[in-house]
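Report on the structure given below.
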Amino acid sequence: MKKLIVFSLAASLWACGEEPAQKIEVEKPKPVYVSTYKPLPSEEFVLKGATVLIGDGKQMDNASVWVKDGKIHAVGLDIQPPQGVKVIGAQGLWVTPGIIDVHSHLGVYPSPRHENNADGNEMTAPVTSEVWAEHAVWTQDHGFNLAREGGITSLMILPGSGNLIGGRGVTLKNVPSITVQGMKFPDAPHSLKMACGENPKRVYGSKGRSPMTRMGNVAGYRAAWIDAKDYMKKWDDYYEKAEKGEDVDPPKQDLKLETLAEVLRGNILIHNHCYRAEEMAIMIDIAKEFGYQISTFHHAVESYKIADLLAENNICSAMWADWWGFKHEAYDGVRENVAMVEKAKACAIVHSDSAIGIQHLNQEAAKALGAGNKRGMSLEAKDAIKWITLNPAQSMGVADRVGTLEAGKMADVVVWNQNPFSVYAKTLQVYIDGALVYDRNDPSKNAVSDFDLGLTDPEGERL
Amino acid sequence: MRFFKALLISLVVLSTSLSAAAESYLIKNATVYTSTAKGKVTNTDVLVENGKIVRVEQNIKATGDVVELDATGKFITPGLSNPSTNMGLVEIGAVSSTVDAATIEHNMGAGFNVSTAINFRSTILPQNRINGLTRAVVLPRSGDSIFAGQGSVIALHSSAKGLLNDNVAQFALYGSDGARKAGGSRAAAMQLLEQAINEAKYVRANPSRFYEGGNWQFSQSLNDLKALYPVLDRKVPLIIAADRMDDILRIVNLGKKHNIRIVIAGGGEAWLVAKELAAAKVPVIIDPINNIPEFDSLSVKFEGAGILYDAGVKVLLTGGGTHNAYLVRQSAGVAVAFGMPKTAAIEAMTINNADVFGIKNYGQIKAGMDADIVVWDGDPLELTSNPDLVLIQGEKQPLVSRATRLRDRYWDLIGNQKQGFVK
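If you read the protein sequences in the order shown, they are chains A and B. Going by our numbering, the residue at position 190 of the first sequence is 190; the numbering climbs one at a time, nothing skipped. Going by our numbering, the residue at position 66 of the second sequence is 66; the numbering climbs one at a time, nothing skipped.
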């Protein structure tokens with residue numbers, strides 16, 4: 001009986017059109033500002049005899065890492081490459097995946113930092129989902145080179161937190177490039193920056209407009225998502241009709257709502273600046289109300305208070321090791337935050353938000369490791385490395401290609417002179433897609449930015 | 001008789017207050033970074049009595065009522081210090097009612113003295129001392145004047161006894177920050193600095209001519225000029241913030257010309273003029289982790305602090321801002337990774353501050369010193385190391401702060417409502 005009803009309903013639908021529906025291919029918007037990234041030339045090699053942190057919680061001692069065609073070919077204790085493959089002795093050295101920072105403003109707040117190049121915060125309206133960080137990245141920011149020396153191979157550049165919804169972030173591979181397109185991580189999902197708390201309400205409240213309070217913040221997010229749903233429906237309706245062959249014009253493209261609609265479709269990942277526990281819980285409910293997933297809370301100073309809730313909702317926390325007290329929402333910072341999130345089996349990330357910190361994410365993770373262990377945990381290097389490799393890769397939606405030293409992944413590899421969680425550790429070599437992009441022992445091979453040339457001495461070096 | 005009785009009572013009170021600090025400690029078998037010419041010594045015992053270090057030797061035998069602690073495999077440093085903080089002047093950076101670091105009050109520059117604003121119950125003090133910082137120089141920030149004012153030195157006790165000296169330095173700005181305070185040009189900043197020094201000399205030489213409350217036409221208020229007398233007398237150094245190489249040289253020359261003690265703060269490009277700084281005996285306050293080039297410091301690099309040390313400059317390390325002033329040891333670790341000897345880096349967080357700011361009986365593990373001692377569970381510069389014991393002037397500090405209370409409250413998550421009953 002039921003079947004019959006369904007059939008007759010379908011039949012009546014057909015009856016509306018001239019003939020049974022034949023789905024017509026309707027042109028979808030093409031990706032724009034597409035990546036032109038190409039791996040730099042590389043050769044096949046094996047790093048032999050190193051202590052290898054895989055990035056997923058495993059450690060292999062006296063192991064080899066085989067890189068071929070820019071990919072991790074194999075990692076193991078007994079690797080026998082064919083003759084002619086370059087073997088690099090790495091006894092006593094440590095090898096890790098390329099370090100990944102999920103929160104950087106390099107290029108949009110570059111150094112030198114001054115009034116001409118503060119391009120990270122479009123604080124002209126509380127919702128500016130129409131702006132894209134990649135449109136403002138100054139690729140000659142020397143900070144990219146400094147970060148590369150610190151082992152950073154991928155990073156996400158986010159707009160600032162002055163707005164409720166600040167704009168799209170972009171994931172880059174940390175290679176020198178004249179154009180930002182040449183740095184864009186191929187097919188990495190876009191991100192959208194949202195911000196809780198004090199910053200947006202201060203920026204707009206001080207101008208006498210909404211949001212002036214945390215209440216206003218939440219009303220602002222909800223209003224934006226309501227508009228986004230409406231916009232998404234317009235386009236869905238258009239596609240539905242157009243695919244049936246109806247002669248309909250597409251709606252006018254709205255940059256602001258397009259970004260939000262892509263979040264609702266699951267194509268753009270939410271990165272939400274949010275310090276306080278109860279605000280995070282509200283943001284989780286907003287996401288449920290409108291049907292999107294929060295990838296990561298950034299600057300999540302109070303994640304330790306709700307680490308169970310974050311685990312349950314599959315949301316990462318991107319944290320500093322120890323920053324606190326610069327504003328009231330950062331007053332409850334604890335040095336064990338990262339370790340306590342790990343303890344609750346939630347996704348813990350150490351991020352920088354700093355041109356200095358990004359050069360030392362290993363040190364920031366070391367502090368978090370030391371704090372957790374002093375309180376009684378038994379964290380090891382193989383655990384802490386996840387906070388700056390696999391977990392940020394997952395948060396950014398690129399864990400299928402980077403974040404661990406597993407066969408088939410991009411060969412983003414860092415060779416360290418010792419355990420990277422020592423304050424004395426230094427990178428020796430950094431590889432991106434198998435290509436050597438930094439060599440501490442041979443500075444002549446290393447990239448320099450335009451900024452460096454002839455700056456303090458026309459013929460000499462800046463440093 | 002009445003007088004004698006009063007004296008007796010005050011003696012009793014005195015001895016009671018001393019007894020809080022009078023516990024004796026014998027720390028055994030440690031590796032000790034002494035911050036003395038002896039450098040690092042191993043398998044060494046440190047005896048603390050009456051708040052002082054009394055012996056630093058091998059195989060000290062405990063006598064009498066002494067708390068003995070085994071520090072085999074552990075490390076001792078003097079309690080660390082940071083020469084550039086706003087400790088006690090800031091609780092929450094963005095909450096103005098908790099910030100007393102600067103004034104824009106007219107006629108308050110060099111004479112601005114922050115000692116009367118220091119909040120010794122700030123949460124920042126315990127959070128820093130449990131992480132190994134026992135002393136700090138508390139500097140004002142500049143409001144409108146090119147002179148920020150006078151700095152204090154504190155021991156990180158949570159009471160007013162922590163104020164050790166209310167005027168250990170005068171702080172002023174040069175470089176682009178100084179230029180901003182002087183209407184927009186470094187040249188004006190230099191003229192203002194020099195004018196103030198000359199005027200202070202003049203007023204001092206003619207004291208009867210300038211009475212309080214008169215309408216005198218000077219670049220600074222009378223009170224501000226008088227506040228420069230200790231600088232003129234070389235009793236306190238004039239710390240001047242400067243990063244650019246030529247800025248630093250000009251400030252060094254200013255010091256020579258007027259025979260005042262200069263300390264450079266910032267020092268991004270100081271390594272380029274290390275020889276000149278050493279020859280002029282000008283110390284440098286520097287945070288080696290800051291290698292971000294700015295137009296004031298285009299040639300800044302990690303190696304700077306080590307190069308300065310090698311050239312014979314007295315280096316004072318800073319880092320971590322105020323809330324995390326203890327992170328000076330991370331900055332020290334970076335300096336060591338990039339060339340500075342480890343013992344020198346530890347001296348640059350201890351005895352060098354004592355030397356420059358006249359902090360008495362502080363900065364070394366040596367008989368006669370105040371017992372500011374940290375026992376570390378690993379290499380004192382490693383970020384995975386933590387203090388096991390912190391003594392400040394002989395007093396054992398509970399390793400508790402507001403942050404550790406929060407940590408412990410939430411260590412086990414037992415449920416949304418129930419958590420509120422965990423203390």
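Ideal Cβ positions, reconstructed from N, Cα and C, are used throughout, including at glycine. On a predicted model such as this, the values are computed, not experimentally measured, just so you know.
Using the rule of at least 16 other Cβ atoms within 10 Å of the residue's Cβ for burial, across every protein chain shown, is residue i buried or exposed?
i               : result
N24 of chain A  : What sits at residue 24 of chain A in the sequence shown is Ile, not Asn. Exposed: under 16 other Cβ atoms inside 10 Å.
H351 of chain A : buried
L164 of chain A : buried
A205 of chain B : exposed
N337 of chain A : buried
T42 of chain B  : exposed
S122 of chain B : buried
T116 of chain B : exposed
L471 of chain A : Beyond the ends of chain A as shown, which are 1 and 463, falls residue 471 of chain A; an answer cannot be given.
L193 of chain B : buried
M108 of chain B : buried
K409 of chain A : buried
E134 of chain A : buried
T404 of chain B : buried
A407 of chain A : exposed
In the structure shown, what three-state DSSP assignment does residue i receive?
i               : result
N353 of chain B : helix
G175 of chain B : helix
Q59 of chain A  : strand
W411 of chain B : coil
N207 of chain B : One detail in the question is off: residue 207 of chain B reads as Pro in this sequence, not Asn. P207 of chain B falls in the helix class under three-state DSSP.
E194 of chain B : helix
I385 of chain A : helix
M156 of chain A : strand
A21 of chain B  : Low local confidence applies: a pLDDT of 47 at A21 of chain B is under 50, so the model's placement there is unreliable, and no value is given.
T51 of chain A  : strand
R186 of chain B : helix
L69 of chain B  : strand
I286 of chain A : helix
P97 of chain A  : strand
N113 of chain B : strand
E105 of chain B : coil
N165 of chain B : strand
A311 of chain A : helix
A403 of chain B : helix
A200 of chain B : helix
A118 of chain A : coil
Which one or two residues does DSSP pair with residue i in a beta bridge?
i               : result
C316 of chain A : A:T296
T85 of chain B  : B:V138
Y438 of chain A : A:V430
I286 of chain B : B:L317
S191 of chain A : A:G169, A:L269
S64 of chain A  : A:G76
Is any heavy atom in the ligand NAD found nearer than 7 angstroms to the beta carbon of residue i?
i               : result
G214 of chain B : Absence of the ligand NAD from the depicted structure is noted, as is the absence of any ligand whatsoever, leaving it without description.
Run through chain A and tell me which residues come within less than 9 angstroms of residue i, C-beta to C-beta.
i               : result
R407 of chain B : Y304, V334, R335, E336, N337, M340, A371, R375
Q364 of chain B : The premise fails here: Q364 of chain B is roughly 23 angstroms from chain A at the closest Cβ pair, so nothing lies under 9 angstroms.
V336 of chain B : V423, Y424
Just the chain B side, please: which residues come within less than 8 angstroms of residue i by C-beta, in chain order?
i               : result
R148 of chain A : What R148 of chain A touches in chain B: nothing, since even the nearest Cβ is about 14 angstroms away.
L455 of chain A : L298
With a cut-off of 8 angstroms, does the C-beta of residue i fall near any C-beta of chain E?
i              : result
K86 of chain A : Going by chain labels, chain E is absent from the structure shown, which instead holds the protein chains A and B.
Find the residues of chain B that neighbour residue i, judging by a C-beta separation of less than 9 angstroms, and give them in chain order.
i               : result
G55 of chain A  : Near G55 of chain A there are no residues of chain B at all, since even the closest Cβ is about 19 angstroms away, more than 9 angstroms.
Y275 of chain A : Chain B residues near Y275 of chain A: none, gap ~12 angstroms exceeds 9 angstroms.
Taking Cβ-Cβ distances shorter than 7 angstroms, what residues in chain A pair up with residue i?
i               : result
K301 of chain B : L463
P293 of chain B : S111, P112, H142
Report the neighbours of residue i on chain B: residues whose CB is nearer than 7 angstroms to its CB, in chain order.
i               : result
A307 of chain A : L413
I356 of chain A : I289, N290, I292
Q363 of chain A : Q330, L383
Which residues in chain A have a C-beta closer than 8 angstroms to the C-beta of residue i? List them in chain order.
i               : result
H323 of chain B : W323, W324, G325, F326
Self-check item: Entirely enclosed alpha helix (DSSP H) segments - the stretch 29-66 of chain B, minimum 4 residues
Solution: none
Quiz prompt | Segments assigned beta strand (DSSP E), at least 3 residues, entirely inside the stretch 211-273 of chain A | solution = 268-273
Quiz prompt | Start-end ranges of the beta strand (DSSP E) lying completely within the stretch 244-283 of chain B, minimum 3 residues | solution = 262-266
Quiz item: Curious, which full-length beta strand (DSSP E) runs of at least 3 residues does the stretch 343-374 of chain A contain?
Solution: 348-350
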